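Novice: Which chain is which? The protein sequence lines are A and B, in order. For the first sequence, position 58 (counting from the first letter as 1) is numbered 58 according to this note's numbering, and the numbering increases by one without interruption. When you read off a place in the second sequence, starting at 1, and then add 154, the result is the number in this note's numbering. For every residue, glycine included, the Cβ atom is placed at its ideal position computed from N, Cα and C. Only a predicted model underlies this, so the values are computations on that prediction, with no experimental measurement involved.
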Amino acid sequence: MNTSAQHSNVEESGENREFDGLQVIDLKHIDLINGLPGFEHLHAFVLAELEGYAPFCAFQSVDEPDISMLMIDAKLLKIWQEVDLPPRELEILGLDNKTDSKQYVILKVDQGTQEFTANIKAPIVFNPISGAANQVILDNINLSVEHPLTNELA
Amino acid sequence: MLILTRKSGESIRIGNNIVISILESSSRYLKIGIDAPKDVAVYRNEIYEKIQAQNRAATATTVQLGNVLQGLKKNINKAVKED
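#1: State yes or no: is the beta carbon of Lys204 of chain B nearer than 9 Å to at least one beta carbon in chain A?
#2: DSSP three-state label for Pro65 of chain A, please.
#3: Identify the continuous alpha helix (DSSP H) that holds Glu49 of chain A and give its terminal residues.
#4: May I ask you to verify whether the stretch 76–96 of chain A touches the stretch 57–65 of chain A, counting CB pairs closer than 8 Å and requiring at least 3?
#5: Whole angstroms are fine: how far does the CA of Leu177 of chain B sit from the CA of Gly187 of chain B?
#6: Which residues does DSSP pair with Gln60 of chain A in a beta bridge?
#7: For the stretch 103–114 of chain A against the stretch 161–170 of chain B, are there 3 or more C-beta pairs whose distance is under 8 Å?
#8: Identify every residue that forms a DSSP beta bridge with Gly187 of chain B.
#9: I'd like to know if Lys108 of chain A contacts chain B, where contact means its C-beta is closer than 9 Å to some C-beta of that chain.
#10: Counting only Cβ pairs nearer than 7 Å, list the residues of chain B close to Pro37 of chain A.
#11: With 16 other CB atoms within 10 Å as the buried threshold, where does Asn127 of chain A fall?
#12: Let me see if you follow: with CB-CB separation under 9 Å, is Tyr197 of chain B close to chain A or not?
#13: Determine the direct distance from the alpha carbon of Leu158 of chain B to that of Asn16 of chain A, and round the result to whole angstroms.
#14: Please check if any C-beta of chain B sits within less than 9 Å of the C-beta of Glu91 of chain A.
#15: What distance in whole Å lies between the Cβ atoms of Val46 of chain A and Gln60 of chain A, which are believed to be in contact at a cut-off of 8 Å?
#16: Would you mind telling me which residues of chain A sit closer than 8 Å to Ala212 of chain B, beta carbon to beta carbon, in chain order?
#17: Pick helix, strand or coil for Ala211 of chain B, following the three-state DSSP scheme.
#18: For Asn221 of chain B, which three-state DSSP category applies?
#19: Between the Cα of Thr213 of chain B and those of A:Pro37, A:Trp80, A:Tyr53 and A:Glu51, spot the shortest distance and give me the residue it belongs to.
#20: In this structure, does DSSP put Asn199 of chain B in helix, strand or coil?
Next comes the structure, spelled out in structure tokens:
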């Protein structure tokens, strides 16, 4: 059964912005310059803060709304204080330094344990003014693609 | 696949603005230098493939995502009650 037509996805009309029944309190448009690895053809995304679910945000493709992920602001993670972003990556996004950028990490839920892990090896970094973004793959070998979220939220 | 033989100190040009240089070679590894415009992303392939796989695994439809969040809320409520 094809139910895709029933998905409400993101509506930005006035007060009724909804994300499949979840109330959106803030919506940012993000343009992934190189596309999202694994979905390289997708560039336009929205980052939606959902009422009652902070600090979790929904990250959804504009062109293929069934492609959605959960993310959180990387700055909420204790380990993030030690992470540097390569100047070259910031320059591509039109930024001078890390503090001018916004950084989010993609979360994954283990179907069995229901535990969350965060991909801190490859954060989504964006310019909050232009919306230009990339998933930046960091060289630091200590950063995991499945970093446990337990005890990490500062 | 195009296969070229190169020695240490030699290089390969791809298009008119990407140059790949062989800096050092031993029996175990090659050290490669890459000169490319900043809009050309360069990755170690096995790491890029790992990130692709992680992104695909993290993807949920909006309906599934709603379910995950509903589950999360139940867990939070349960934790609050247990406190």
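Specialist: Quick look at the numbers:
#1: yes
#2: coil
#3: Counting along the chain, Glu49 of chain A falls outside any alpha helix (DSSP H), though it belongs to the beta strand (DSSP E) covering Ala44 to Leu50.
#4: no
#5: 6 Å
#6: A:Val46 and A:Ser68
#7: Output reads no: the stretch 161–170 of chain B does not touch the stretch 103–114 of chain A.
#8: B:Ser175
#9: yes
#10: Neighbours of Pro37 of chain A on chain B, chain order: Tyr202, Ile205, Gln206 and Asn209.
#11: Buried, since its Cβ has 16 or more Cβ neighbours within 10 Å.
#12: yes
#13: Confidence is the limiting factor: at Asn16 of chain A the pLDDT is only 41, short of 50, which leaves the residue's position unreliable and the question unanswerable from this model.
#14: Chain B, which has a Cβ nearer than 9 Å to the Cβ of Glu91 of chain A, makes this yes.
#15: 5 Å
#16: Taking a Cβ-Cβ cut-off of 8 Å, the neighbours of Ala212 of chain B in chain A comprise Met69, Leu70, Ile106, Leu107, Lys108 and Asn119, given in sequence order.
#17: It is helical.
#18: helix
#19: A:Pro37
#20: helix
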